[in-house]
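Using the numbering used here, you'd call the opening residue of the sequence shown number 11 and step up by one each time.
Virtual Cβ for every residue (Gly too), placed ideally from N, Cα, C.
Computed from a predicted model, the values in this text were never measured in an experiment.
Below: the structure, in structure tokens.
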Amino acid sequence: MENSILELMKTEHGEISILLESFDMLNNIDFDKSKEAFSVFEKEVIKHFDIEEKSIFVLNSLIMDDEISKVFDLMTQHGAIMGIISQIKQNIENNSKSDITILREMLNNHANFEETEFYPRLDEKLSVQDKENIIKKFFS
Ligand SMILES: [Fe+2]
Ligand SMILES: [Fe+2]
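Written out as structure tokens, the structure is:
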């Protein structure tokens, strides 16, 4: 089967959401462990957004001029999500519990937009070589 960025992204988004849920679960049981879980979650999100912004969105703007506004929306959502993540991080530093309802919803909506609107179109447009290069970055 030909490489698909969409399929890789679905897996990535699923992993990120599992990490967020394990933080939430631990938040009520073991604060120290939840702290560790949060830092794993945060690292994954940062890596994911970083590859999207530096390797994928840039490439996208070169080949799909009409998609610029989608990229702009996605970047704005990344910023908003990172804002909430840093608020939760601050809560953790102050030893207080966090409600992840809004973060969960924002991440789900964002992943949904990427999986239905953005990546299917990108998969159609990218060359096999471009896809391979992107996929490699996620496994490096
Ligand atoms: Fe994204
Ligand atoms: Fe994503």
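Simplified DSSP state of residue i, which is helix, strand or coil
{"i": "Asn-122", "result": "helix"}
{"i": "Leu-136", "result": "coil"}
{"i": "Asp-34", "result": "helix"}
{"i": "Ile-110", "result": "coil"}
{"i": "Ser-44", "result": "helix"}
Given residue i as reference, the closest of the options once Cα atoms are compared
{"i": "Ile-112", "options": "His-120, Ser-106, Asn-105", "result": "His-120"}
{"i": "Val-50", "options": "Ile-28, Lys-107, Glu-124, Lys-64", "result": "Ile-28"}
{"i": "Gly-93", "options": "Ser-65, Ile-145, Lys-80, Met-116", "result": "Met-116"}
{"i": "Tyr-129", "options": "Phe-41, Val-81, Gln-97", "result": "Val-81"}
Buried versus exposed, by CB contacts within 10 Å (16 or more), residue i
{"i": "Ile-78", "result": "exposed"}
{"i": "Asp-34", "result": "buried"}
{"i": "Ile-15", "result": "buried"}
{"i": "Glu-62", "result": "buried"}
{"i": "Val-55", "result": "buried"}
{"i": "Ile-39", "result": "exposed"}
Close-in-space but distant-in-sequence residues of the same chain around residue i (CB under 8 Å, 5 per side omitted)
{"i": "Glu-52", "result": "Ile-95, Lys-99"}
Backbone CA spacing between residue i and residue j [nearest angstrom]
{"i": "Lys-45", "j": "Asp-109", "result": "14 Å"}
{"i": "Asn-118", "j": "Lys-147", "result": "23 Å"}
{"i": "Glu-22", "j": "Val-138", "result": "20 Å"}
{"i": "Arg-131", "j": "Phe-123", "result": "12 Å"}
{"i": "Leu-18", "j": "His-58", "result": "11 Å"}
{"i": "Glu-103", "j": "Phe-48", "result": "11 Å"}
Cβ-based neighbour list, residue i, same chain, cut-off 6 Å, excluding 5 preceding and 5 following
{"i": "Leu-69", "result": "none"}
{"i": "Asp-127", "result": "Correcting the residue type first, residue 127 is Glu in the shown sequence and not Asp. Excluding positions up to five away in sequence, the list is empty."}
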